[in-house]
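Below is one structure, written out as structure tokens; comments come after it.
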Amino acid sequence: MTPNSQSYSRTSPLKDQLLAAFQVTEERINGESKSPVHQVRRAALQQFDKLGFPTIKHEEWKYANVKNLIQEAFELETPSPLSADDLHTLEIPNLSGNILYFVNGRYKPEMSTIVSPAAEVQILSFAEALKSQPETINNYFAQQADYQDNAFTALNTAFAHDGVFIRVPDGKVVEQPIIIRYINDAREKKVAAQPRNLIIVGRNANVKIAESYRSLGEMTAFTNVVTEISLARDANVEHYKVQNDTDAAYHIGTTQVRQADNSHFYSATVTLNGGFVRNNLNIVLDGEYCEAYMYGLYIPNGRQFVDNHTLVDHAKPNSYSSELYKGILEEKSTGVFNGKIFVRQDAQKTNAYQSCKNVVLSPEATMNTKPQLEIFADDVKCSHGTTTGMLDEEALFYMRSRGIPRTEAQALLMYAFAQDVLTQIKIEPIREYLSAVVAQKLAM
Amino acid sequence: MLTISNLQASIGEKEILKGINLEVKAGEVHAIMGPNGSGKSTLASVLAGRETYEVTGGSVLFDGKDLLELAPEERAAEGIFLAFQYPVEIPGVSTTNFLRTALNEIRKYRGEEALDAVQFLKLMKEKMKLVNIDQSLLSRSLNEGFSGGEKKRNEVFQMAMLEPKLAILDETDSGLDIDALRIVAEGVNKLRSPERSTIVVTHYQRLLDYIVPDYVHVLYKGRIVKSGPKELALELEEKGYDWIKAEAEYQQ
Chain X
443 MTPNSQSYSR TSPLKDQLLA AFQVTEERIN GESKSPVHQV RRAALQQFDK
493 LGFPTIKHEE WKYANVKNLI QEAFELETPS PLSADDLHTL EIPNLSGNIL
543 YFVNGRYKPE MSTIVSPAAE VQILSFAEAL KSQPETINNY FAQQADYQDN
593 AFTALNTAFA HDGVFIRVPD GKVVEQPIII RYINDAREKK VAAQPRNLII
643 VGRNANVKIA ESYRSLGEMT AFTNVVTEIS LARDANVEHY KVQNDTDAAY
693 HIGTTQVRQA DNSHFYSATV TLNGGFVRNN LNIVLDGEYC EAYMYGLYIP
743 NGRQFVDNHT LVDHAKPNSY SSELYKGILE EKSTGVFNGK IFVRQDAQKT
793 NAYQSCKNVV LSPEATMNTK PQLEIFADDV KCSHGTTTGM LDEEALFYMR
843 SRGIPRTEAQ ALLMYAFAQD VLTQIKIEPI REYLSAVVAQ KLAM
Chain P
27 MLTISNLQAS IGEKEILKGI NLEVKAGEVH AIMGPNGSGK STLASVLAGR
77 ETYEVTGGSV LFDGKDLLEL APEERAAEGI FLAFQYPVEI PGVSTTNFLR
127 TALNEIRKYR GEEALDAVQF LKLMKEKMKL VNIDQSLLSR SLNEGFSGGE
177 KKRNEVFQMA MLEPKLAILD ETDSGLDIDA LRIVAEGVNK LRSPERSTIV
227 VTHYQRLLDY IVPDYVHVLY KGRIVKSGPK ELALELEEKG YDWIKAEAEY
277 QQ
């Protein structure tokens, strides 16, 4: 596991470009450069410089090969001519609530709608929050998302300028969902966006958040996102991540969660499309009687690559975690599921369950699964199971014998398979949107 | 309605059906009996189009059409229905949703308009009463966690909904106690009509107490070795299959 000299690529065009870009940014933010946040950025940049990008020799990046990505160079500020009409085509029907738009990594207040009262929840761009509440940012920023061992997190931290800042005060229930839409417009030029989100949820507070990723155009769109979520005691958070990117898109993201006593975290990660997708979901159960639920669905086709890495760290006793990831792989696509459960010595009476089920529809598609349980406590209940199989021919024949043609039967079976995860999504318009796209993609 | 001539089929290298001849006319009920491994279920599967079997010779005409040329879903749309010996569990798809898809696909094949939700529900209510099945069962995932009796009753309900011209019941009695058997048989009997034919595949005579056949055929080693009226079933029940086997071996 220790990174050896072959685990990282020391130099690459993208690395050189980013190091140079950091210098330019630093000159521009002159006044801010002594701030604690910037000190963290600088430390993260140094770490990124030291590490470089991971290669497939790195155990955690064994299947996720970024060698093509790191040969590219991007313009780091790409203005988008995204029009109202363009936006209309990207609409998720019937969506209501707080809707925040980011285009090519920059917050677009003129496109966004915030409906929740400020007393209920603070919703700001990260850039605004840096100015208006530097104290809070200093207290929470980069406190959880570790950049020592993850080059992409280090890179995101170094370039943390924009994204979403959400703070729910103690005892508040945020009635309306918060939907964050990241749109990368790569129709004219290559795009790189590195959103940084900070979500702080107070005691006994309640909020639903969805991150939705969409890219446009034939050029490379590269997203490197980090979301840090902190749940105080008795907090309740639903967090959904929805990805519908182009085949030319790279998405590398880390969602880092810390839960205090008796908090509930509920998540679903749905990858509809994307050329290269790597999702890290890391949850630290740093309290007793916490519950964490993780659902995932990925349906790659063509040459799409989807890699989900999850890590549940049971640090305290009496908590519960449950995980269900499902995949449908078509054509020449590749999927990866790596699920790690860590039960520390103190974390007695832990219950941890993990399951990953896959259907591989084509002989040229590949699924790689790796459950990892590291248990240091003796009184725990843990289970894990992964299955990867072909389509159930007996079920297909049964359906065909009732008059349902093969393609429809297959779509119906796969849609039902996907529903186990989709029904977990409690923001109705998002669930309906996902169901529609899934049905359409499976009907091919 | 159905004419099977010299039908031969194998699985891998193994020849299972070695020349079946059978004529089923509209409204008739034919029972196919025989010892284990004689090819009864293979015959049912081949008629429904299961692709694990390879047809190596012979022909099957159904209402004048070459059945062997058709995909399983086309056979269903032409009016063939196979009640499975082991109905398959389909997680996440309710019987209602499944049947609505099936029925409308069949109607599409026949050039008929799809039933809307209201028409479909009306039809379903009517057929539920006919086969005495509960709504709660139909809302659940198809066959998932159903008891043996519930699965078989659901097969009969599907048959009632799809109104086939030829129903093939493959060991519908297997795994049923006598009460469940009676309920299933009652459902099948209610669906009998002068236009609808039935092939009952069974190992035991007891199902034929309830679904009374017009003809009984005995399958042995991939051939029909004896045919007769319904009394033949009783004779088999009494004497077992040994005398048939002996007779068949002698003829060869």
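Heads up: the protein sequence lines correspond to chains X and P, in order.
For any residue, its number in the numbering used here is found by taking its place in the first sequence, counting from 1, and adding 442.
For any residue, its number in the numbering used here is found by taking its place in the second sequence, counting from 1, and adding 26.
Heads up, the beta-carbon is just placed ideally off N, CA and C, and yes, glycines get one too.
Residue i in three-state terms, based on DSSP
i	result
methionine 443 of chain X	At methionine 443 of chain X the pLDDT is 43, less than 50, meaning the model places this residue with poor confidence and gives no usable figure here.
aspartate 755 of chain X	strand
tyrosine 505 of chain X	coil
glutamine 685 of chain X	strand
glycine 105 of chain P	coil
methionine 553 of chain X	coil
glycine 174 of chain P	helix
threonine 697 of chain X	strand
isoleucine 132 of chain P	helix
proline 813 of chain X	strand
phenylalanine 601 of chain X	coil
asparagine 180 of chain P	helix
arginine 675 of chain X	coil
lysine 799 of chain X	strand
tyrosine 236 of chain P	helix
asparagine 215 of chain P	helix
asparagine 32 of chain P	strand
glutamate 275 of chain P	helix
glutamate 680 of chain X	strand
methionine 150 of chain P	helix
asparagine 158 of chain P	coil
asparagine 123 of chain P	helix
Beta-carbon neighbours of residue i, restricted to chain X and to distances below 7 Å
i	result
valine 119 of chain P	Leu854, Ala858
isoleucine 132 of chain P	Gly845
valine 114 of chain P	Glu836, Ala837, Tyr840
glutamine 161 of chain P	In chain order: nothing, as chain X lies at least about 20 Å away.
alanine 193 of chain P	Going along chain X, no residue has its Cβ under 7 Å from alanine 193 of chain P, so there is no contact; the nearest lies around 12 Å.
arginine 76 of chain P	Phe839
Chain X residues whose Cβ lies nearer than 9 Å to that of residue i
i	result
threonine 127 of chain P	Met841, Arg844, Gly845, Ile846, Glu850, Ala851, Leu854
glutamate 99 of chain P	Met841, Arg842, Ser843, Arg844, Gly845, Ile846, Pro847, Arg848, Glu850, Ala851
glutamine 277 of chain P	Near glutamine 277 of chain P there are no residues of chain X at all, since even the closest Cβ is about 35 Å away, more than 9 Å.
alanine 102 of chain P	Arg842, Ser843, Arg844, Gly845, Ile846
Chain X residues whose Cβ lies nearer than 8 Å to that of residue i
i	result
leucine 188 of chain P	Arg844, Gly845
leucine 108 of chain P	Ser843
glutamine 184 of chain P	Arg844
Proximity to residue i [Cα-Cα], best of the options
i	options	result
aspartate 240 of chain P	P:Leu233, P:Lys252, P:Lys256, P:Ile46	P:Lys256
threonine 665 of chain X	X:Asn646, X:Val616, X:Ala674, X:Gly716	X:Gly716
glutamate 660 of chain X	X:Ala677, X:Ala691, X:Gly644, X:Pro455	X:Ala691
glutamate 670 of chain X	X:Phe495, X:Ile725, X:Pro535	X:Ile725
arginine 179 of chain P	P:Glu264, P:Thr224, P:Asp205	P:Asp205
phenylalanine 594 of chain X	X:Pro637, X:Asp612, X:Ala853, X:Ala878	X:Pro637
methionine 553 of chain X	X:Arg848, X:Asp527, X:Asn536, X:Ala560	X:Asp527
aspartate 199 of chain P	P:Val86, P:Thr228, P:Ala140	P:Thr228
aspartate 89 of chain P	P:Pro190, P:Leu258, P:Gly83, P:Gly266	P:Pro190
phenylalanine 516 of chain X	X:Tyr708, X:Gln866, X:Leu461, X:Ile872	X:Leu461
isoleucine 106 of chain P	P:Leu48, P:Met185, P:Glu170	P:Met185
alanine 851 of chain X	P:Val157, P:Leu192, P:Glu131	P:Glu131
Buried or exposed by the 16-neighbour rule on C-beta atoms within 10 Å, applied to residue i
i	result
proline 523 of chain X	exposed
valine 136 of chain P	A small correction: the amino acid at residue 136 of chain P is arginine; valine does not occupy that position in the sequence shown. Arginine 136 of chain P is exposed by the Cβ-count criterion.
glycine 729 of chain X	buried
threonine 444 of chain X	With a pLDDT of 49 at threonine 444 of chain X, under the threshold of 50, the predicted position of this residue should be treated as unreliable, though the coordinate-derived value follows. Threonine 444 of chain X comes out exposed.
phenylalanine 183 of chain P	buried
alanine 70 of chain P	buried
valine 557 of chain X	exposed
glutamine 269 of chain P	What sits at residue 269 of chain P in the sequence shown is tryptophan, not glutamine. Answer is exposed; the Cβ neighbour count stays below 16.
Amino acids of chain P, ordered along the chain, whose beta-carbon sits closer than 9 Å to that of residue i
i	result
aspartate 676 of chain X	Within chain P, no residue comes near aspartate 676 of chain X; the closest Cβ sits about 34 Å away, beyond 9 Å.
aspartate 862 of chain X	Pro117, Gly118
Proximal chain P residues relative to residue i, where beta-carbon distance stays under 8 Å
i	result
alanine 885 of chain X	By Cβ distance, chain P contributes nothing, its closest Cβ being about 13 Å from alanine 885 of chain X, past 8 Å.
Three CB pairs or more closer than 8 Å across the segment 647-660 of chain X and the segment 669-689 of chain X | yes
If we count Cβ pairs, one from each stretch, closer than 8 Å, do we get three or more for the segment 783-802 of chain X versus the segment 750-763 of chain X?
-> yes
Segment contact flag, the segment 208-228 of chain P with the segment 131-147 of chain P, C-beta cutoff 8 Å, min 3 pairs | no
Is the segment 593-607 of chain X touching the segment 626-633 of chain X, taking contact as three or more C-beta pairs under 8 Å?
-> no
Is there contact between the segment 150-163 of chain P and the segment 71-83 of chain P, where contact requires at least three CB pairs shorter than 8 Å?
-> no
Decide yes or no for the touch test of the segment 109-129 of chain P against the segment 844-859 of chain X: beta carbon pairs closer than 8 Å, at least 3 of them.
-> yes
Give a yes or no on contact between the segment 777-787 of chain X and the segment 746-756 of chain X, applying the rule of three or more CB pairs nearer than 8 Å.
-> yes
So does the segment 473-484 of chain X actually touch the segment 572-586 of chain X, counting three or more Cβ pairs closer than 8 Å?
-> yes
Between the segment 218-227 of chain P and the segment 52-61 of chain P, do three or more beta carbon pairs fall short of 8 Å?
-> yes
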